[in-house]
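The structure appears below as structure tokens.
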Amino acid sequence: MPVQPGLKRGLTRFGIWGTTLLTSWLLALLVLQVLFGRQLERNQTLQLGRDLALNVRLTELTLERYPPALISELTGLELLVSQQPPGPNKEAQAMAQRRQELQQVLCARLTQCPELRPAVNRAGTPEVWIELFSPLEPVWLRTPLPMARAWPPQPMLLLLALVSAVVMTGVLYLLLDVARPLRKLEDAVSRVGEHNERDPVPEQGAPEVRRISRRFNAMVRRLAEDQRERATMLAGIAHDLRAPLTRLQFRLSMPELNADERTRCQSDLDALERITGQFLLYAGGGDREECVACPLDQWLAETVAGQPRDQLQLQLISISALIRPVALGRAVSNLVDNAFSYGEAPVVVRLRRTGPDVAIEVWDQGRGMPASEWERALQPFQRLDSARGRQGHCGLGLAIVNHVVRTHEGKIDFQQGSGDPGRFAVIINLPIHETKSAVIQDKSGPDQAGTSDFWQKGTTDSPPA
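According to this note's numbering, the sequence shown is numbered sequentially starting from 253.
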């Protein structure tokens with residue numbers, strides 16, 4: 253029977269983290285043994301010294317009344333009477349150090365400091381002879397001298413190492429299987445509105461994080477599909493309108509129509525043409541156009557070159573930035589068209605530096621729109637004719653501009669003025685994203701706006717005052 257992929261993945265993860273836990277436990281045990289093994293050995297010696305001091309004191313009190321042989325027979329203590337205790341030919345350094353520490357403990361707890369001599373039983377286990385102070389004859393007490401075990405470690409160290417391993421493995425698990433995938437998911441969430449094709453978030457990490465990533469990827473796919481369907485729908489509507497528009501234009505060219513009818517039909521055709529163009533612009537949006545470093549003053553002059561020169565003023569400075577020139581050019585042209593359609597001439601296009609950003613301002617002399625309508629004006633299919641006083645388009649003009657500006661990581665502001673340079677403005681604020689040729693102020697200085705050379709090319713006319 254084949255193993256299911258989910259079960260196989262779970263067993264693999266269990267094996268990996270189980271091995272990590274075991275390795276962490278061994279490492280923590282080794283570190284704790286190095287750090288605290290000696291201290292535990294001293295504590296054991298101190299406890300052994302306390303017990304032996306009590307036994308030595310009781311034995312010495314008993315020797316004052318009873319002979320050593322009787323005491324040894326009754327208590328089972330191994331006593332050596334009237335002889336010097338035998339010892340090994342060579343004493344290990346660790347045993348000698350342990351014996352000296354035990355002697356210090358006994359000296360601190362007894363009235364007289366006893367002498368300790370090394371001994372070894374038949375099994376090779378280290379022991380020690382302790383001198384007892386007897387009133388009649390010298391007596392030696394033989395007792396085991398347990399050494400600190402290097403392995404297996406003390407139960408306390410085993411428990412501390414296990415707790416440390418669990419903590420370290422848990423932190424590593426949170427860091428690798430939870431925190432890192434969540435950071436990737438957070439970055440992906442922050443890029444959802446950028447309208448660019450993005451790779452799906454890797455479905456990795458803890459099971460809960462994988463489920464969230466899987467659902468997030470599904471959501472992004474649905475949003476992308478909705479975006480494509482919307483673009484397809486708008487583009488289809490616009491293209492479907494092209495055919496009857498062409499037929500109407502052909503009929504207008506026929507001589508049977510009188511001048512008034514031809515004028516009205518041409519006006520309707522122009523309105524339909526504008527609506528169709530706005531649908532196409534809104535469907536395209538300029539998302540896929542690459543950013544290029546562009547001198548904004550020259551680019552703006554070329555963008556508005558088709559507007560009436562006697563009704564348009566340019567106030568530009570020499571500055572460059574990374575932009576999508578085609579998409580942003582359509583947005584600026586849309587604002588200028590709106591200024592002529594809904595406002596009053598002259599229209600002023602001003603370029604200026606505002607801290608780390610650059611501002612493209614389109615001023616007109618109309619009364620503008622109330623501040624309460626500014627936010628709604630940026631939404632698609634919103635008509636604010638009562639605020640502007642003229643026949644509107646299809647309500648996509650500012651929505652197109654807002655969409656393009658957002659793809660440039662910028663924002664749109666509105667401003668009322670007193671007449672210099674205008675009474676109402678739509679302002680595009682864009683980050684400069686400076687390159688090697690990014691910011692060059694013109695000779696008029698940062699606070700003075702110059703006039704573009706566009707107005708002097710190919711004509712002797714001067715720009716309007």
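For every residue, glycine included, the Cβ atom is placed at its ideal position computed from N, Cα and C.
Which residues in the same chain as residue i place their Cβ atom closer than 7 Å to its Cβ, once the five residues preceding and following it in sequence are excluded?
i: L650; result: A629, L630
i: E541; result: R576, V578, A579
i: L493; result: L524, T528
i: P413; result: The residue you asked about is not Pro; residue 413 is Ala in the sequence shown. Result list for A413: W277, A280, L281, L284, in chain order.
i: D512; result: none
Which same chain residues end up closer than 8 Å to residue i when comparing Cβ atoms and leaving out the 5 residues on each side of it in sequence?
i: G457; result: L428, D429, V430, R432, P433, L434, S465
i: T687; result: For T687, the predicted structure reports a pLDDT of 49, less than 50, and the residue's modelled location is therefore unreliable. The matter cannot be settled from this model.
i: A348; result: P370
i: R361; result: G301, R302, A305
i: P366; result: V308, Q355, L358, C359, I382, E383, L384, F385
i: S324; result: E330, L331
i: M420; result: S276, A280
i: L497; result: L521, L524, E525, T528
i: L273; result: A417, V418, T421
i: I664; result: L630, L650, V653, N654, V657, V678, I679, I680, N681
i: M408; result: L292
i: P337; result: R369, A371, W381, W392, R394
Tell me whether residue i sits in a helix, a strand or coil according to DSSP, three-state version.
i: N681; result: strand
i: D713; result: The predicted position of D713 is uncertain, since its pLDDT is 37 and thus under 50; no value can be drawn from it.
i: P378; result: strand
i: T395; result: strand
i: R602; result: strand
i: V653; result: helix
i: Q355; result: helix
i: D589; result: helix
i: Q291; result: helix
i: Q479; result: helix
i: Q336; result: coil
i: L426; result: helix
i: Q668; result: strand
i: R261; result: helix
i: Q501; result: helix
i: P507; result: coil
i: S386; result: coil
i: V556; result: coil
i: D451; result: coil
i: T484; result: helix
i: Q456; result: coil
i: N341; result: coil
i: Q631; result: coil
i: E316; result: coil
i: R443; result: coil
i: L414; result: helix
Less than 8 Å between the CB atoms is what I'm expecting for residue i and residue j, so what's the real figure, rounded?
i: A579; j: V656; result: 5 Å
i: R576; j: H660; result: 7 Å
i: V588; j: Q550; result: Not confirmed; about 17 Å, so no contact.
i: P683; j: P608; result: 6 Å
Going by Cα to Cα distance, which pick from the options is closest to residue i?
i: T297; options: S505, R350, R309, V453; result: R350
i: G669; options: R309, E613, R494; result: E613
i: C543; options: A573, G422, L568, T528; result: A573
i: G376; options: N341, F385, I527; result: N341
i: V333; options: T528, I680, S386, Y594; result: S386
i: L331; options: L358, P320, T528; result: P320
i: Q563; options: L274, G674, L306, T272; result: G674
i: P329; options: T314, T484, P452; result: Checking the sequence, you will find Leu at residue 329 rather than Pro. The shortest C-alpha separation from L329 is found at T314.
i: P598; options: L566, A611, E625, D609; result: L566
i: R474; options: P452, L292, Q335, L437; result: P452
i: F666; options: S570, A591, I489, P608; result: A591
i: L284; options: S416, Q518, R561, I684; result: S416
i: M621; options: L424, A611, Y594; result: Y594
i: E210; options: E379, V584, Y318; result: Here the chain covers residues 253 to 717 and nothing more, so residue 210 does not appear.
i: L310; options: T363, R290, L263, P337; result: T363
i: E438; options: N469, L409, P459, A413; result: N469
i: G618; options: L500, E596, Q479; result: E596
Once the 5 residues before and after residue i are set aside, which same chain residues still bring their CB inside 6 Å of it?
i: G581; result: T555
i: W615; result: V600, P673, G674, A677
i: P454; result: none
So if DSSP puts residue i in a beta bridge, which residue, or which two residues, is it bridged to?
i: S572; result: P547
i: P370; result: V380
i: I527; result: The partner list for I527 (beta bridge, DSSP) is empty, contrary to what the question assumes.
i: K663; result: N681
i: W615; result: V600, A677
i: E330; result: R394
i: V610; result: R605, L682
i: Q567; result: R602
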